[in-house]
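The structure under discussion appears below in the form of structure tokens.
There are 2 protein chains.
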Amino acid sequence: MRILLVEDDYQLGESLKSALSSENYAVDLERDGANVLPLLRAGDYDLMVLDLGLPNVSGDEILKKIRAADDPLPVLVLTARNTTEDMIEGLDLGADDYLTKPFDIDELFARLRSLHRRSSGRARPVLISGDVELEPKTQVVTKAGENVTLTAKELSVLEALMTNAGRFVSKSRLEEGMYTWGDEIESNTVEVYISRLRKYFGSGFIETLRSVGYRVKKG
Amino acid sequence: MRILLVEDDYQLGESLKSALSSENYAVDLERDGANVLPLLRAGDYDLMVLDLGLPNVSGDEILKKIRAADDPLPVLVLTARNTTEDMIEGLDLGADDYLTKPFDIDELFARLRSLHRRSSGRARPVLISGDVELEPKTQVVTKAGENVTLTAKELSVLEALMTNAGRFVSKSRLEEGMYTWGDEIESNTVEVYISRLRKYFGSGFIETLRSVGYRVKKG
DNA sequence: TCTAAAATTCAGTTTCGCTTAAGTTGCTTT
DNA sequence: AAAGCAACTTAAGCGAAACTGAATTTTAGA
């Protein structure tokens with residue numbers, strides 16, 4: 004799950020980033036509003052968290068442009084303002100949700116989960132492939148009803164595969180879900196995790212297509 | 004997937020080329036800006052990566068001309084400049100994306116994927132020929148509803164045929180989709196893959212026209 | 001700070017897709 | 001009808017890609 008976090012305050016930005024990372028999001032932190040649109044164009048983000056109080060380009064501007072371009076990216080807006088008027092204005096601009104500082108970090112998490120659920124095809128709380136089930140919200144995984152405990156990265160790979168059940172997911176795509184850009188990794192980490200997942204779920208669970216990617220079967 | 008890589012720096016050019024090749028792109032590397040337009044005219048490229056700091060003809064010029072000619076080719080610009088102004092100027096000239104040196108190779112990959120998805124996502128839902136369907140984005144192929152798993156090169160040939168359904172596609176055209184120019188291979192590889200595809204989809208699926216090429220029927 | 005678990009790297013092994021090559025089939029032309 | 005050429009098919013070797021167990025490094029929690 005990739006998030007673009009746009010926040011100019013250094014302190015807040017870094018701490019939000021690490022909090023989100025520990026919730027298992029892949030986070031890119033951007034401080035300069037002017038870079039946001041190019042980043043979005045390139046980035047394949049699932050969500051954006053946008054501070055409205057930016058220098059250079061205002062958050063409002065960014066939002067307007069995104070929506071003008073018909074980009075359906077879910078956006079959660081952060082702001083210091085807190086009057087009802089401001090809030091309504093923000094939502095009218097195309098924000099999907101709104102949070103006023105100071106806020107509770109867990110509330111942010113909850114809202115992000117909800118946003119994501121809403122955007123990624125509504126009522127599908129549980130991912131299923133064969134006898135393996137994954138509940139994204141609680142990150143609980145079961146095989147044939149039995150609980151399986153996975154580590155964060157194992158989950159990240161599994162989730163990427165299962166949300167794309169039936170389709171091949173490339174190695175680099177899987178890496179994207181695990182890492183923030185610039186974490187340059189020159190290794191076979193993905194392969195290792197694929198190997199681990201097969202140990203948990205059986206060797207037939209994940210199919211390999213050489214030099215294309217991996218997939219799990221649908222349903 | 005064919006990419007035209009325009010980069011005058013020898014070192015960088017070569018290493019980018021090999022990196023892109025290993026990501027399964029067919030890459031042509033051009034060092035001289037003056038050759039770019041003729042190449043584009045001939046080349047059938049899906050993407051272009053353009054360094055702005057070229058000798059002879061400047062990258063800006065090239066971009067301008069391409070857009071003036073209404074060529075919708077997705078272009079990613081590379082440059083050493085990195086001020087916001089330059090970036091915006093680049094985008095205004097018609098670049099679809101922008102990356103400043105030094106950059107992370109994985110970021111480049113991500114951006115290219117995204118570029119391609121955007122440009123091809125526009126008008127290429129599913130390719131259909133008879134009871135065979137191919138979803139280019141996900142690389143999923145079905146015959147009469149049944150899933151068929153193809154290898155990377157098999158897919159490459161099939162995709163080329165199906166995007167040109169109803170028309171004959173020459174052998175060398177099919178090779179282009181699989182290889183980088185200069186790899187000029189004197190062999191019957193294409194024939195081998197045609198043979199394989201017929202095994203999967205029936206001998207009537209692909210029609211041969213001697214010394215012209217192959218085609219699948221439209222719709 | 002220390003320790004255990006997780007993440008990552010490394011290296012040896014295995015697998016499988018690509019290519020080649022050689023023999024066969026089947027058009028086409030004289 | 002025969003020759004010549006293009007396409008078809010099959011099978012095998014090679015090499016790149018993937019797999020996996022274990023060692024090493026990093027991280028997070030006590």
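Those protein sequence lines, which keep their order, are chains Y and P. Positions in the first sequence are counted from 1; adding 3 to them yields the numbering used here. Positions in the second sequence are counted from 1; adding 3 to them yields the numbering used here. For each residue, glycine too, the CB sits at the ideal point set by N, CA and C.
Taking the CB atoms as reference points, tell me whether Y/Y217 and Y/V172 lie closer together than 8 Å. By one-based count along the first sequence, residue 217 of chain Y stands at place 214. By one-based count along the first sequence, residue 172 of chain Y stands at place 169. For the pair Y/Y217 and Y/V172, the CB atoms are nearer than the 8 Å cut-off.
In chain order, what residues of the same chain have a beta carbon less than 6 Å from the beta carbon of Y/T145, not counting five sequence neighbours either side? In the first sequence, counting from the first residue as 1, residue 145 of chain Y sits at position 142. E136, listed in sequence order.
Counting Cβ pairs closer than 8 Å, one from the segment 196-205 of chain Y and one from the segment 4-23 of chain P, do we hit at least three? Judged by Cβ distances under 8 Å, the segment 196-205 of chain Y makes no contact with the segment 4-23 of chain P, as fewer than three pairs qualify.
Ignore the nearest five residues each way along the sequence and tell me which others in P/K174's own chain have a CB closer than 7 Å to its CB. For the purposes of this step, residue 174 of chain P is taken as the residue at position 171 of the second sequence. Closer than 7 Å at the Cβ level, and outside the excluded window around P/K174, lie V193 and G216.
Going by alpha carbons, who is nearest to Y/H119 out of Y/L200, Y/T211, Y/Y13 and Y/L50? Counted from its first residue, the first sequence places residue 119 of chain Y at position 116. Per the Cα distances, Y/L50.
Once DSSP output is grouped into helix, strand and coil, what is the label at P/V219? What you label residue 219 of chain P is simply residue 216 of the second sequence in a count that begins at 1. Three-state DSSP puts P/V219 in coil, outside helix and strand.
Three-state secondary structure (DSSP) at P/D100? Residue 100 of chain P sits at position 97 when you count from the first residue of the second sequence. In the three-state DSSP reduction, P/D100 falls in the strand class (E or B).
Tell me the DSSP bridge mates of P/R5? As a working mapping, residue 5 of chain P is identified with position 2 in the second sequence. BP columns for P/R5 point to P/A29.
Candidates Y/T82, Y/A83, Y/G56 and Y/L40: which alpha carbon is nearest Y/R70's? Counting from one through the first sequence, the residue named residue 70 of chain Y turns up at place 67. Answer by Cα proximity: Y/L40.
Compare the Cα-Cα distances from Y/L55 to each of Y/S198, Y/R34, Y/R44 and Y/S214 and report the closest residue. By 1-based counting over the first sequence, the position of residue 55 of chain Y is 52. The shortest Cα separation from Y/L55 among Y/S198, Y/R34, Y/R44 and Y/S214 belongs to Y/R34.
DSSP puts P/S132 in a beta bridge; with which residues? Numbered from 1 along the second sequence, position 129 holds the residue referred to as residue 132 of chain P. Bridge partners of P/S132: P/V135.
Should Y/L212 be flagged as near chain P, meaning a C-beta pair shorter than 8 Å? The residue you call residue 212 of chain Y lines up with position 209 of the first sequence. Yes, contact with chain P.
Grab me the residues of Y/A163's own chain with a C-beta within less than 8 Å of its C-beta, minus the 5 sequence neighbours each way, in chain order. Position 160 of the first sequence, counted from the first residue, corresponds to residue 163 of chain Y. So the qualifying residues of the chain are V172, R176, L177 and G180.
Helix, strand or coil: how does DSSP classify P/D11 here? By 1-based counting over the second sequence, the position of residue 11 of chain P is 8. P/D11 carries a coil assignment under DSSP once its states are collapsed to helix, strand and coil.
Any beta carbon of chain P sitting closer than 8 Å to that of Y/R34? By one-based count along the first sequence, residue 34 of chain Y stands at place 31. No, its Cβ sits nowhere closer than 8 Å to a Cβ of chain P.
Buried or exposed: P/E149, going by 16 or more other Cβ atoms within 10 Å of its Cβ? Translated into positions along the second sequence, residue 149 of chain P becomes position 146. It counts as exposed.
Should Y/Y13 go down as buried or exposed, given a rule of 16 or more other Cβ atoms within 10 Å for buried? Here residue 13 of chain Y corresponds to residue number 10 of the first sequence, with the count starting at 1. Looking at its Cβ environment, which holds fewer than 16 other Cβ atoms inside 10 Å, Y/Y13 is exposed.
Range of the contiguous alpha helix (DSSP H) that encloses P/T166: Counting from 1 along the second sequence, the entry for residue 166 of chain P is found at position 163. Unbroken alpha helix (DSSP H) run through P/T166: A155 to T166.
Distance between Y/S25 and Y/L32 (C-alpha atoms, nearest Å): Stepping through the first sequence from its first residue, residue 32 of chain Y is reached at position 29. Stepping through the first sequence from its first residue, residue 25 of chain Y is reached at position 22. Here the C-alpha atom of Y/L32 lies approximately 14 Å from the C-alpha atom of Y/S25.
P/I209, DSSP secondary structure in three states: Start at 1 with the first residue of the second sequence, and residue 209 of chain P comes out as number 206. In the structure shown, P/I209 sits in coil (DSSP, three-state: anything other than H, G, I, E or B).
Have a look at Y/L111, Y/Y196, Y/T141 and Y/N167 and flag the residue whose alpha-carbon is nearest the alpha-carbon of Y/L23. Here residue 23 of chain Y refers to the residue found at position 20 when the first sequence is read from its first residue. Put simply, of Y/L111, Y/Y196, Y/T141 and Y/N167 the residue whose alpha carbon is nearest the alpha carbon of Y/L23 is Y/L111.
Close beta carbons around Y/T152, own chain, < 7 Å, minus the five adjacent residues each side: Locating residue 152 of chain Y in the first sequence gives position 149, counting from the first residue. The answer is none, since no qualifying residue turns up.
Would you kindly work out how many angstroms separate the C-alpha atoms of P/V143 and P/R116, rounded to a whole number? Against the second sequence, residue 143 of chain P aligns to sequence position 140. Against the second sequence, residue 116 of chain P aligns to sequence position 113. Distance between the alpha carbons of P/V143 and P/R116: 17 Å.
Would you check whether the ligand MG has a heavy atom nearer than 7 Å to the C-beta of P/V80? With respect to the ligand MG, the structure offers nothing, as it holds no ligand at all.
Can you tell me whether DSSP reads Y/N191 as helix, strand or coil? Residue 191 of chain Y sits at position 188 when you count from the first residue of the first sequence. Coil.
Terminal residues of the continuous beta strand (DSSP E) containing Y/V80? Residue 80 of chain Y sits at position 77 when you count from the first residue of the first sequence. In the DSSP annotation of this structure, the continuous segment of the beta strand (DSSP E) that includes Y/V80 starts and ends at V78 to T82.
Verify the CB distance criterion: does Y/R201 have a CB-CB separation below 8 Å to chain P? Taking the first sequence and counting its residues from 1, the one referred to as residue 201 of chain Y is at position 198. Not a single C-beta of chain P is nearer than 8 Å to the C-beta of Y/R201.
Which chain Y residues sit within Cβ distance under 8 Å of P/R155? Here residue 155 of chain P refers to the residue found at position 152 of the second sequence. Strictly speaking, residue 155 of chain P in this sequence is Ala, with Arg absent from that position. Close to P/A155, with beta-carbon spacing below 8 Å, are these residues of chain Y in chain order: L212, R213, S214 and V215.
Those residues which DSSP pairs with P/V143 across a bridge: In the second sequence, the residue the question calls residue 143 of chain P occupies position 140. Paired residue(s): P/E138.
Secondary structure of P/R55, DSSP reduced to three states: The count along the second sequence starts at 1 and reaches residue 55 of chain P at position 52. This sequence places Leu at residue 55 of chain P; Arg is not what is there. P/L55: coil per DSSP, three-state reduction.
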